[in-house]
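Notes follow once the structure below has been shown.
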Amino acid sequence: MLDYYGIRGTSNQWIASLLTGRMQSVVVEGQISHTIPVTSGVPQGSVLRPLLFLLYINDLPECVSSQSTVRLFADDSFLYRKIRSAADSIQLQHDLDQLAVWEQSWLMSFSPSKCQLLRITKKRSPIQHDYALRGHVLEQVPTAK
10 MLDYYGIRGT SNQWIASLLT GRMQSVVVEG QISHTIPVTS GVPQGSVLRP
60 LLFLLYINDL PECVSSQSTV RLFADDSFLY RKIRSAADSI QLQHDLDQLA
110 VWEQSWLMSF SPSKCQLLRI TKKRSPIQHD YALRGHVLEQ VPTAK
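According to the working numbering, the sequence shown holds residues 10 to 154 in order.
Structure (structure tokens):
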């Protein structure tokens, strides 16, 4: 993956050495568990962690339709689309389904219970549609941070 972004040679090798060959154990009440290999993730507190995370999720916007928009902010993401018809609502749900496919492919996990639906409209009777992520109906809120 790093090679795709132009990170090659010594820099690529240095990052690879940071991420491979790591071991961990747990200490509970003075007792140490067996040491096991760490097979995924980036060491907590590493200054590279945010950059590597962004490189890892950088292709997420490509999995939704061209009329929908994905915005990435650190470890948050926003998906939105203008809803002018029932077909737009169906497409937005399809985009949410595609995000679920993406998360499975990349071994990531969204938190549907933390996801919210915010409708922004001037219409008195906007098109109503429930949206779900992995079967969890998104909570509709009047405002969001």
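Every residue gets a Cβ at the ideal spot worked out from N, C-alpha and C, and that includes glycine.
Query                                                                                             : Result
Terminal residues of the alpha helix (DSSP H) in which T19 lies                                   : 18-28
Candidates H43, R128, T130, Q100: closest to S4 by CA position                                    : Residue coverage of the chain in this structure runs from 10 to 154, which leaves residue 4 outside it and unanswerable.
N-terminal and C-terminal residue of the beta strand (DSSP E) that L88 is part of                 : 85-89
Sufficient close CB pairs (3 or more, under 8 Å) joining the stretch 86-95 to the stretch 130-147 : yes
Residue nearest to S49 in terms of C-alpha spacing, selected from I41, R58, T152                  : R58
Spatial distance of L127 from I45 (CA atoms)                                                      : 44 Å
Unbroken beta strand (DSSP E) run spanning V79, endpoints                                         : 78-82
The stretch 10-20 contacting the stretch 36-44, beta-carbon criterion three pairs below 8 Å       : no
Cβ shell of Y140 (< 7 Å), same chain only, five flanking positions each side left out             : L101, Q102, L105, L126, L147
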